[in-house]
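Participant: Quick one: the structure is below, questions incoming.
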Amino acid sequence: KNEVEQSPQNLTAQEGEFITINCSYSVGISALHWLQQHPGGGIVSLFMLSSGKKKHGRLIATINIQEKHSSLHITASHPRDSAVYICAVYYRAGTASKLTFGTGTRLQVTL
Amino acid sequence: DTGVSQDPRHKITKRGQNVTFRCDPISEHNRLYWYRQTLGQGPEFLTYFQNEAQLEKSRLLSDRFSAERPKGSFSTLEIQRTEQGDSAMYLCASDNSGGNQPQHFGDGTRLSIL
Numbered sequence: 355k356n357e358v359e360q361s362p363q364n365l366t367a368q369e370g371e372f373i374t375i376n377c378s379y380s381v382g383i384s385a386l387h388w389l390q391q392h393p394g395g396g397i398v399s400l401f402m403l404s405s406g407k408k409k410h411g412r413l414i415a416t417i418n419i420q421e422k423h424s425s426l427h428i429t430a431s432h433p434r435d436s437a438v439y440i441c442a443v444y445y446r447a448g449t450a451s452k453l454t455f456g457t458g459t460r461l462q463v464t465l
Numbered sequence: 073d074t075g076v077s078q079d080p081r082h083k084i085t086k087r088g089q090n091v092t093f094r095c096d097p098i099s100e101h102n103r104l105y106w107y108r109q110t111l112g113q114g115p116e117f118l119t120y121f122q123n124e125a126q127l128e129k130s131r132l133l134s135d136r137f138s139a140e141r142p143k144g145s146f147s148t149l150e151i152q153r154t155e156q157g158d159s160a161m162y163l164c165a166s167d168n169s170g171g172n173q174p175q176h177f178g179d180g181t182r183l184s185i186l
């Protein structure tokens with residue numbers, strides 16, 4: 355069964371803290387997405403990666419294909435980072451690269 | 073690039089009514105996806121189009137659901153005889169085939185069944 359698991363489910367941090375969100379998946383994938391979802395529903399793609407590490411501003415995403423694991427790190431967290439962070443993987447199935455999503459990690463950053 | 077737009081943003085209707093949602097993808101994108109997201113869960117795949125062809129449908133898409141993309145541009149998702157369990161956020165996304173680019177998501181349509 356194709357599954358994506360995230361941890362933790364909920365995370366509260368103080369402004370300035372270093373944050374790590376983890377994602378594990380069960381079978382081989384072609385790529386992995388990290389997505390951000392704010393209240394109201396809109397989803398923004400943060401990273402798409404298939405190997406190694408990517409960095410954008412205060413956000414860093416890493417993936418270990420052998421261990422089927424990815425992490426999203428936020429350095430110097432800020433209240434505006436409060437959102438749900440969703441890991442999604444592309445399994446090559448059928449005729450499309452369908453996305454299979456984790457249940458998300460709800461992050462609250464306080465002052 | 074105006075992004076993926078969905079209409080309406082919110083829909084409240086009584087059980088048993090039919091509803092239709094619209095998605096306008098990014099104009100250069102030939103693939104369009106519909107997902108459903110219930111409270112506290114991640115989105116789940118419903119169906120996918122490449123141009124005007126509907127190439128894949130999830131088991132989640134019962135016979136009360138139908139999706140179209142008649143001219144390969146915008147898409148509609150219709151739910152007939154709505155049920156309480158249809159209450160969810162319906163998300164649309166688009167991308168291009170053949171490339172290694174991420175999907176772009178709309179803001180979703182939140183459906184509430186009374």
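In the order they appear, the protein sequences are chains A and B. So the first sequence is numbered by my numbering: it starts at 355 and just counts up by one. So the second sequence is numbered by my numbering: it starts at 73 and just counts up by one. No residue lacks a Cβ here, since even glycine has one placed at the ideal position from N, Cα and C. Please read all numbers here as calculations on a predicted model, not as lab measurements.
Take T366 of chain A and list the residues in its own chain whose beta-carbon comes closer than 6 Å to its own, dropping the five residues that flank it on each side.
Facilitator: Taken in chain order, the residues that qualify are Q462.
Participant: Answer yes or no: does any C-beta atom of chain A fall closer than 7 Å to that of G114 of chain B?
Facilitator: It does: the Cβ of G114 of chain B has a partner Cβ on chain A nearer than 7 Å.
Participant: Using a Cβ-Cβ cut-off of 7 Å (strictly less than) and excluding sequence neighbours within five positions of R412 of chain A, which residues of its own chain qualify?
Facilitator: I428, T429, A430
Participant: Between which two residues does the beta strand (DSSP E) harbouring Q126 of chain B extend?
Facilitator: 125-129
Participant: I'd like to know whether the C-beta atoms of T416 of chain A and Y439 of chain A end up nearer to each other than 7 Å.
Facilitator: Not in contact: T416 of chain A and Y439 of chain A (Cβ atoms no closer than 7 Å).
Participant: Cβ of L133 of chain B within 7 Å of Cβ of L111 of chain B?
Facilitator: no
Participant: Taking the alpha carbon of E359 of chain A as the reference point, which residue from A:Q368, A:W388, A:M402 has its own alpha carbon closest?
Facilitator: A:W388
Participant: Strictly below 9 Å CB to CB, what residues from chain B border S431 of chain A?
Facilitator: Ordered by position in chain B, no residue passes the 9 Å Cβ test against S431 of chain A, which lies about 22 Å from the chain.
Participant: Judging by CA-CA distance, which residue of A:Y379, A:E369, A:P362, A:S436 is the nearest neighbour of N418 of chain A?
Facilitator: Closest option to N418 of chain A, Cα to Cα, is A:Y379.
Participant: Do you know whose CA, among A:E371, A:E369, A:V381, A:T454, lies nearest K422 of chain A's CA?
Facilitator: A:V381
Participant: In the DSSP assignment, what are the bridge partners of G406 of chain A?
Facilitator: A:I417
Participant: For the segment 397-414 of chain A and the segment 73-81 of chain B, state whether three or more C-beta atom pairs, one from each stretch, are separated by less than 8 Å.
Facilitator: The segment 397-414 of chain A vs the segment 73-81 of chain B: no contact.
Participant: So, does the CB of N378 of chain A fall closer than 7 Å to a CB anywhere in chain B?
Facilitator: The sequence shown places Ser at residue 378 of chain A, rather than the Asn named in the question. Judged by the 7 Å Cβ criterion, S378 of chain A is not in contact with chain B.
Participant: Are the beta-carbon atoms of S424 of chain A and L386 of chain A separated by less than 7 Å?
Facilitator: A Cβ-Cβ contact shorter than 7 Å links S424 of chain A with L386 of chain A.
Participant: Roughly how many whole angstroms lie between the Cα atoms of T454 of chain A and Q391 of chain A?
Facilitator: 16 Å
Participant: Quick check on D96 of chain B: does DSSP put it in helix, strand or coil?
Facilitator: strand
Participant: Between G395 of chain A and D179 of chain B, what straight-line distance do the alpha-carbon atoms span, to the nearest angstrom?
Facilitator: Approximately 6 Å, taken between the alpha carbons.
Participant: Could you tell me the boundaries of the beta strand (DSSP E) in which E140 of chain B lies?
Facilitator: 137-140
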